[in-house]
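The opening residue of the sequence shown carries number 1 in our numbering; numbering runs sequentially from there. Ideal placement from N, C-alpha and C gives every residue a C-beta, glycine not left out. Presented below is the structure to which this report refers.
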Amino acid sequence: MRPMLGWAVRSPRCGVSGPQPRRWWGRGLRLAAALLLSALCLAWLGRQVDLAALAARWRDVPMGHLVGGVLLAWTFPFWRAARLRACLPPDAHVTPGSCWRIVAEALLWAFLLPFKLGELSLPLLIHRRLGVALLPAAGLFLLLRLADVAVIVGMLAVALASLGLLVETPVWRAALALAGGGLLLLPLALPRLGRVLATWPPFERRWLRLALDGLTPVQSSPVRVRLLLTSWGLWVTQAALVALMAHAAGLRVAVDLVALASAAGNLAFALPVNGLLGLGPQQAALAATLQAGGVPWDAAVAVAIATYLAVLIGALTTGTTAWLWQAVGASATSSPRRGADP
């Protein structure tokens, strides 16, 4: 484990006290923009939707399917925690529970803060909770996000090739499928990319080298395989959630269309334009993709909303549990011991 960097904790500026008007204005503008984006996406989703038919569709949904969706959403932090634990140094002595608390709380902040600002909490939590220096933690965070994007885009390309929505000729469909397969395997090569970049002159600066130090524990083949498998498991579980919600809505959707819709929604969620509580482009992309595959618009909207609610409930419950667990543990550690043995 590397020592903490001296510049990781910023000291307050001298002579500055009280709330800063510009900062509050910036927060207010971001919140207003997030609300506007969520309202626009809801209005777009509600176009040409018969609310009575939508309500009737959900009255027939078995409650077990909705509960199963939340249970699937609860598994997301476990996949992320297993991946984070695999990428940490062997001498870090980190428990699975501490990794689970970090990723669950980071996922909670990703929903609570607009425009993906909550994503920045992951390297900060790794730095504060595990003692990893801030720049290597940021490098590890970048590696995990690149692995996510590679798997999501790979799923998207393979599904597009299978459905023939983007290209129709067999040669181009095969080329697209091969490109998607390569992206699905890209997490195996991403850690080695850091070692290659470290030899380039533009990366001679110290802060860049410190960020690339976060990739050092991920160089061995077993760790890279675990990175690949946990990334696959995470996003396949996300697609399984979409399939479960489609089945709950009484739809029979092909596997490749489910994979395409899930990948499109997750790719839209990765963009820094999400609205309040994660409501925005993800649901619009998921519904639009299902409609492009032949699903009626009201049913596509129902699946998108149900998937969103399952993920939101899962993130709020697991994130709040992780935050309370950490707070209680910190309080018990800091409180003076009573009745100590003589």
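Pull up the distance between the alpha-carbon of alanine 177 and that of serine 262, whole angstroms please. As a working note, residue 177 is residue 177 in the sequence shown. As a working note, residue 262 is residue 262 in the sequence shown. For alanine 177 and serine 262, the distance between alpha carbons rounds to 17 Å.
Are leucine 286 and alanine 310 touching if we call contact CB-CB under 9 Å? Walking along the sequence shown from the start, residue 286 turns up at place 286. Walking along the sequence shown from the start, residue 310 turns up at place 310. Going by C-beta atoms, leucine 286 is not nearer than 9 Å to alanine 310.
Among Met245, Gly97, Pro187 and Ala56, nearest to valine 149 - alpha-carbon criterion: Here residue 149 is taken as the residue at index 149 of the sequence shown, counted from 1. Out of Met245, Gly97, Pro187 and Ala56, Pro187 has the C-alpha closest to the C-alpha of valine 149.
Would you mind stating whether alanine 315 and alanine 73 have Cβ atoms separated by less than 9 Å? On the sequence shown, residue 315 is found 315 positions in, with the first residue counted as 1. On the sequence shown, residue 73 is found 73 positions in, with the first residue counted as 1. Yes, these two residues count as a Cβ contact at 9 Å.
Quick check on leucine 324: buried or exposed, where buried means 16 or more other Cβ atoms within 10 Å of its Cβ? The residue you call residue 324 lines up with position 324 of the sequence shown. Leucine 324 should be labelled exposed.
Could you tell me the alpha carbon to alpha carbon distance between arginine 173 and arginine 101, rounded to whole angstroms? In the sequence shown, the residue the question calls residue 173 occupies position 173. In the sequence shown, the residue the question calls residue 101 occupies position 101. Near 42 Å, if we compare the C-alpha coordinates of arginine 101 and arginine 173.
So, at 7 Å on beta carbons, what are the nonlocal neighbours of alanine 239 in its own chain, with the 5 sequence-adjacent residues on each side left out? Taking the first residue of the sequence shown as position 1, residue 239 is located at position 239. So the list reads Val258, Ala259 and Ser262, once near-sequence residues are dropped.
Tell me where the alpha helix (DSSP H) around phenylalanine 269 begins and ends. For this step, residue 269 is matched to residue 269 along the sequence shown. It spans 255-270 - the alpha helix (DSSP H) in which phenylalanine 269 sits, taken as one unbroken run.
If I follow the unbroken alpha helix (DSSP H) through arginine 252, where does it start and stop? Taking the sequence shown and counting its residues from 1, the one referred to as residue 252 is at position 252. Arginine 252 -> no alpha helix (DSSP H), and no H or E assigned at all.
Please report how far the alpha carbon of glycine 329 lies from the alpha carbon of leucine 267, in whole angstroms. For this step, residue 329 is matched to residue 329 along the sequence shown. For this step, residue 267 is matched to residue 267 along the sequence shown. Rounded to the nearest angstrom, the two C-alpha atoms are 36 Å apart.
How is arginine 10 classed by DSSP in three states: helix, strand or coil? Taking the first residue of the sequence shown as 1, we reach residue 10 at position 10. Below a pLDDT of 50, predicted positions are generally treated as unreliable, and arginine 10, at 38, falls in that range; the measurement from the model is reported next regardless. Coil, per DSSP.
Which of the three DSSP states is assigned to threonine 321 in this structure? Start at 1 with the first residue of the sequence shown, and residue 321 comes out as number 321. In this structure, threonine 321 counts as helix in the three-state DSSP scheme.
Inter-residue Cα distance where the pair is leucine 279 and phenylalanine 115: Stepping through the sequence shown from its first residue, residue 279 is reached at position 279. Stepping through the sequence shown from its first residue, residue 115 is reached at position 115. Approximately 11 Å between the Cα atoms of the pair.
Reference glutamate 347, options Phe269, Leu185 and Val151, closest by Cα: In this structure the chain extends from 1 to 342, so residue 347 is not present and cannot be described.
Would DSSP call valine 103 helix, strand or coil? Within the sequence shown, residue 103 is the residue found at index 103, counting from 1. DSSP places valine 103 in helix when its eight states are reduced to three.
Assign arginine 224 to one of two classes, buried (16 or more other C-beta atoms within 10 Å of its C-beta) or exposed (fewer than that). Along the sequence shown, one-based indexing puts residue 224 at 224. It is buried - the Cβ of arginine 224 has at least 16 other Cβ atoms within 10 Å.
Can you find the residues in the same chain that come closer than 6 Å, C-beta to C-beta, to phenylalanine 141, ignoring five residues on each side of it along the sequence? Indexing the sequence shown from 1 puts residue 141 at position 141. Excluding sequence neighbours, phenylalanine 141 sits near Leu122 and Pro123.
Quick one: is proline 222 buried, meaning 16 or more other Cβ sit within 10 Å of its Cβ, or exposed? The count along the sequence shown starts at 1 and reaches residue 222 at position 222. Result: exposed.
Run the CB neighbour count on threonine 230, radius 10 Å, all protein chains shown included, and call it buried at 16 or more, exposed below. Taking the sequence shown and counting its residues from 1, the one referred to as residue 230 is at position 230. Buried.
Inter-residue CB distance, threonine 307 and leucine 251 (contact presumed, cutoff 8 Å): For the purposes of this step, residue 307 is taken as the residue at position 307 of the sequence shown. For the purposes of this step, residue 251 is taken as the residue at position 251 of the sequence shown. Incorrect: roughly 13 Å between the Cβ atoms, too far for contact.
Take leucine 163 and list the residues in its own chain whose beta-carbon comes closer than 6 Å to its own, dropping the five residues that flank it on each side. The count along the sequence shown starts at 1 and reaches residue 163 at position 163. Excluding positions up to five away in sequence, the list reads Asp256.
Looking at leucine 88: is its Cβ nearer than 9 Å to the Cβ of proline 217? If you number the sequence shown from 1, residue 88 lands on position 88. If you number the sequence shown from 1, residue 217 lands on position 217. It is a contact, given that the beta carbons lie within the stated cut-off.
Kindly list the residues whose CB is nearer than 6 Å to the CB of alanine 104, restricted to its own chain and excluding five residues on each side of it in sequence; keep chain order. The residue you call residue 104 lines up with position 104 of the sequence shown. The residues are Pro77, Thr318, Gly319 and Ala322.
DSSP three-state call for leucine 227: helix, strand or coil? Numbered from 1 along the sequence shown, position 227 holds the residue referred to as residue 227. Looking at leucine 227 - three-state DSSP - the assignment turns out to be helix.
Proximity to leucine 54 [Cα-Cα], best of Ala327, Ala304, His93 and Ala299: Position 54 of the sequence shown, counted from the start, is the residue given in the question as residue 54. That would be Ala299, whose Cα lies nearest to the Cα of leucine 54.
From the DSSP output, in three-state form, read off proline 62 for me. Locating residue 62 in the sequence shown gives position 62, counting from the first residue. Residue state, collapsed to three classes: coil.
Taking the continuous alpha helix (DSSP H) assigned at valine 151, which residues delimit it? For the purposes of this step, residue 151 is taken as residue 151 along the sequence shown, with counting starting at 1. Residues 134-163.
Which class does leucine 353 belong to by DSSP, given the choice of helix, strand or coil? One cannot answer for residue 353 here, as it falls past the ends of the chain, which runs 1 to 342.
Would you call proline 62 buried or exposed, if buried means 16 or more other Cβ atoms sit within 10 Å of its Cβ? Mapped onto the sequence shown, residue 62 falls at position 62. The residue in question, proline 62, is exposed, as its Cβ has fewer than 16 Cβ neighbours within 10 Å.
Exposure label - glycine 180; buried when at least 16 CB within 10 Å: Position 180 of the sequence shown, counted from the start, is the residue given in the question as residue 180. When all chains shown are included, glycine 180 counts as buried.
Three-state secondary structure assigned by DSSP to serine 220: Numbered from its first residue, the sequence shown carries residue 220 at position 220. In the structure shown, serine 220 sits in coil (DSSP, three-state: anything other than H, G, I, E or B).
Assuming histidine 247 and histidine 65 make a contact with CB atoms under 8 Å, what is their CB distance in whole Å? Residue 247 sits at position 247 when you count from the first residue of the sequence shown. Residue 65 sits at position 65 when you count from the first residue of the sequence shown. So it is a contact: roughly 7 Å between Cβ atoms.
On the criterion of 16 or more Cβ atoms from any shown chain inside 10 Å, does threonine 169 qualify as buried, or is it exposed? Here residue 169 corresponds to residue number 169 of the sequence shown, with the count starting at 1. Exposed, by the Cβ-count rule.
Which value, in whole angstroms, describes the spacing of the CA atoms of valine 301 and isoleucine 126? Taking the first residue of the sequence shown as 1, we reach residue 301 at position 301. Taking the first residue of the sequence shown as 1, we reach residue 126 at position 126. Computed Cα separation, rounded: 37 Å.
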